[in-house]
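What follows is one structure encoded as structure tokens, with my remarks underneath.
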Amino acid sequence: MTIDSGFNHITVLLDEAVEALAVRPDGCYLDGTFGRGGHSRLILSQLGPDGRVLGFDKDPQAIATGQTLAAEDGRFVVVQRSFAELGSEVAERGLHGKVSGVLLDLGVSSPQLDDPERGFSFLNDGPLDMRMDPSRGISAAEFVNTAPVEEIARVFKEYGEERFSGRMARAVAERRDIKPFERTADLAEVLKVANPAWEKGKNPATRAFQGLRIHVNNELGDLEAGLEAALDCLEIGGRLVVISFHSLEDRIVKLFMRKLVKGEADNLPRNLPVRHVAFEPIIKIHGKAQSASEAELKANPRSRSAVMRVAEKLR
-12 MTIDSGFNHI TVLLDEAVEA LAVRPDGCYL DGTFGRGGHS RLILSQLGPD GRVLGFDKDP
48 QAIATGQTLA AEDGRFVVVQ RSFAELGSEV AERGLHGKVS GVLLDLGVSS PQLDDPERGF
108 SFLNDGPLDM RMDPSRGISA AEFVNTAPVE EIARVFKEYG EERFSGRMAR AVAERRDIKP
168 FERTADLAEV LKVANPAWEK GKNPATRAFQ GLRIHVNNEL GDLEAGLEAA LDCLEIGGRL
228 VVISFHSLED RIVKLFMRKL VKGEADNLPR NLPVRHVAFE PIIKIHGKAQ SASEAELKAN
288 PRSRSAVMRV AEKLR
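The structure is reproduced here in structure tokens:
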């Protein structure tokens, strides 16, 4: 566990994820979501002097932590970019096709959730922002205050899987005409009142907030681009390890891996001549999807939704 600015952060599936990478002492590894560096530090502990780790993160606070680690260990470098852009970063560094493993630990980190000033959570009132990189894009407040009601409903439904998305979006639009939203607690209260069927043990604003966060940070689009880029930069035998935290993410990862197990032929138009190699799998999936252990669940309840999938590049 690492401590950051008073907020606790426990890296989920730490040992399992690094073990799945099958770290070689001289390998090159990409940590696509550096966070507070739990995975990167463990990978570095298993590397020799010729090994290296390249970390990515959008969050300026994570980058500050990464720069401290980079100053302590010359085998580590951190860049403030989305992992969706790892392909161009790897190419610029002459590492294309030479990466031994890529780790993507998706979602939002505990320091982001627990810091009211980041605006990710409705549990503590703060500015309605939600951006992992506050210097880019539009904030959640800008979105709910300006987007058409149909677009807000789509985000609640598609990314938050909220069945009362239309009703909640209309409530947001009606209230913003009176007073624009600026704070998380304010929006959460409007969403709460508009939700007619509360789920036991779950705040009625939970799904809508998830949808907003995913939309504001383009999380699913980044994931799709990042998976393709990760596969492309891996060497033969390199590993891809992905930890997701909700069904939308896991579905994308699962379908991506299943498609590659079938090779290219399954995705080509019918009646098109196909070479034999097109039927050969591009990756091999290692084991079944893995969840957090009972011990980890007790130590860190936020790990309950984590699902890890592992693949190895074959060609």
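What the sequence shown shows, in the working numbering, is residues -12 to 302, in sequence order. Backbone N, C-alpha and C define an ideal beta-carbon position, used for all residues, glycine too.
query: Look at the alpha carbon of residue 294 and the alpha carbon of residue 60, and state the distance between them as a whole number of angstroms.; result: 30 angstroms
query: Compare the C-alpha of residue 196 against each of 179, 207, 230 and 209 and name the closest.; result: 179
query: Can you tell me the Cβ-Cβ gap for residue 106 and residue 117, rounded? I've got them flagged as a contact below 8 angstroms.; result: 5 angstroms
query: Considering only C-alpha positions, which residue in the set 112, 268 and 114 is nearest to residue 247?; result: 268
query: Residue 221 and residue 86: beta carbons closer than 7 angstroms?; result: yes
query: Assuming residue 215 is part of the alpha helix (DSSP H), what are its boundary residues?; result: 206 to 220
query: In chain order, what residues of the same chain have a beta carbon less than 8 angstroms from the beta carbon of residue 3, not counting five sequence neighbours either side?; result: 277 and 295
query: From residue 112 to residue 62, what does the alpha carbon distance come to, in whole angstroms?; result: 40 angstroms
query: Let me confirm a value: residue 36 is counted as buried when at least 16 other C-beta atoms fall within 10 Å, else exposed. Which label applies?; result: exposed
query: To the nearest angstrom, report how far apart residue 266 and residue 131 are at their CA atoms.; result: 47 angstroms
query: Counting C-beta neighbours from all protein chains within 10 Å, is the total for residue 191 16 or more, i.e. buried, or is it exposed?; result: buried
query: Are the beta-carbon atoms of residue 271 and residue 301 separated by less than 7 angstroms?; result: yes
query: Determine the direct distance from the alpha carbon of residue 160 to that of residue 90, and round the result to whole angstroms.; result: 40 angstroms
query: Need the endpoints of the beta strand (DSSP E) that residue 18 sits in, please.; result: 15 to 18
query: Express the C-alpha separation of residue 18 and residue 126 in angstroms, rounding to a whole number.; result: 26 angstroms
query: Alpha carbon to alpha carbon, how far is residue 156 from residue 171? Give it in angstroms, no decimals.; result: 15 angstroms
query: Would you list, in sequence order, the uninterrupted alpha helix (DSSP H) runs of no fewer than 4 residues that lie entirely inside the stretch 127 to 174?; result: 127 to 133, 136 to 145 and 152 to 165
query: Taking the runs of the beta strand (DSSP E) that are 3 residues or longer, which of them lie wholly in the stretch 63 to 89?; result: 63 to 66
query: For residue 290 versus residue 283, is the C-beta spacing smaller than 7 angstroms?; result: yes
query: In the DSSP output, what is residue 39 paired with across the bridge?; result: 15
query: Starting from residue 304, follow its DSSP beta bridges and name the residues at the other end.; result: Residue 304 is absent from the structure shown; the chain starts at -12 and stops at 302.
query: Could you check whether residue 174 and residue 210 sit closer than 7 angstroms to each other, using their CB atoms as the reference points?; result: no
query: From residue 151 to residue 198, what distance separates their C-alpha atoms?; result: 13 angstroms
query: With the cut-off set at 7 angstroms, would you say residue 74 and residue 219 are in Cβ contact?; result: yes
query: Mapping the DSSP letters down to three states, classify residue 298 as helix, strand or coil.; result: strand
query: For a quick check, are the C-beta atoms of residue 52 and residue 25 less than 7 angstroms apart?; result: no
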